[in-house]
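Numbering (the numbering used here), first residue to last: 10 to 411.
No residue lacks a Cβ here, since even glycine has one placed at the ideal position from N, Cα and C.
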């Protein structure tokens, strides 16, 4: 013992950890085994379990950052592949697998079979978008195919009853997993397709592992979905799951509840839309009537313009206006003429010969006409002087011109 130097437990564990971490064979490792001692994620989201075979077991841990990407729920007794590394937990000195990814055994083969069948059916046109039929807007009857004991059926019933209680549901139970799943769903589809009064089919189930959902990748079931004379909505598993039945259906939904949401309209929204339409229709009718009233008013004006009585009244009004204008013109003319007459009368009165004679003025006649100029006389002519009170005859003795 004196030839060896003692080391601490921590130093030993650290040394072994360094050795294991530097071993490239343990840095990336794939181990197959059966899950045991699994109790679910702890409060921090980490998963602790054991991986065993017929003879041995090893501890394993999957930390939260990796566990959140798991696409299934691990269960005791499930055979899985574990991808990760091997290292030592220094505090206890135990070595364990630090898992980065876990997959159920058979997933690789299932995935390959899925892709091969998917490509085959796709080439045949089963997933062609042009073959997908429109869903009825207001279905009267909906056939529902799912498990009688699962939550999916109750979810579908609750959604449809809440959104569109006018719709009748025809339930056709079927197995949703296991070896009988595909045949059971095919029989249900055939049974519902015998009814001419069913408008739509919802085919679905709740979430589960890939193995649980595998029946919905059955070739015969996929063909039955595509060949259904009644449109089919699928709601299989969760949002991350896509089965071949989803690809072949007329519409796929992420969950059974979402399928029910798609299948029926919201009656509350329909009532609101109806109210909005009534308001819009009343508004349109009001606008229409107002426009027609304006047109009628305009037409009445036009009609009145062609009414004989209106024309006569209009002419009478024009005549009355002309009469007033004529009377005013006559009055104006007579007034002006009266002024002229009065002016002429004044002038005549001013030039009255009698008055002028009384003022000493007189007129001379010769041979029965008025004498205007002295040049018209010659000596010896007999002329008559017109005086204010009589006439005097005279003979011209001499003529003197100015």
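- Cβ-Cβ separation between residue 94 and residue 52: approximately 25 Å, too far for a contact (criterion under 8 Å).
- Within the region 193-246, the complete beta strand (DSSP E) runs of at least 3 residues fall at 209-214 and 241-245.
- The region 224-231 and the region 191-209 touch, with three or more beta-carbon pairs separated by less than 8 Å.
- A check of alpha carbon separations from residue 408 across 23, 185 and 384 identifies 384 as the nearest.
- Spanning the alpha carbons of residue 69 and residue 63 requires a straight line of approximately 17 Å.
- Between residue 287 and residue 123, the alpha-carbon positions lie close to 52 Å from each other.
- For residue 296, the three-state secondary structure derived from DSSP is helix.
- If you ignore the 5 residues before and after residue 155, its C-beta comes within less than 8 Å of the C-beta of 161, 162, 165, 182, 183, 185, 211, 212, 213, 214 and 265, all in its own chain and listed in chain order.
- If you look at residue 162, you'll find it in the alpha helix (DSSP H) that goes 160-172.
- With respect to residue 234, residue 114 sits apart: the two C-beta atoms are not nearer than 9 Å.
- Going by C-alpha positions, residue 129 is about 10 Å away from residue 228.
- When DSSP states are grouped into helix, strand and coil, residue 351 belongs to the helix group.
- Excluding its 5 nearest sequence neighbours in each direction, residue 103 has C-beta neighbours in its own chain below 8 Å: 68 and 97, listed in chain order.
- Annotated three-state conformation of residue 191 is helix, per DSSP.
- Residue range 73-76 is occupied by the alpha helix (DSSP H) that includes residue 73.
- In the pairwise beta carbon analysis, the region 250-257 is classified as not touching the region 199-209: fewer than three pairs are separated by under 8 Å.
- Between residue 272 and the set 281, 169 and 13, the nearest pair of CA atoms involves 169.
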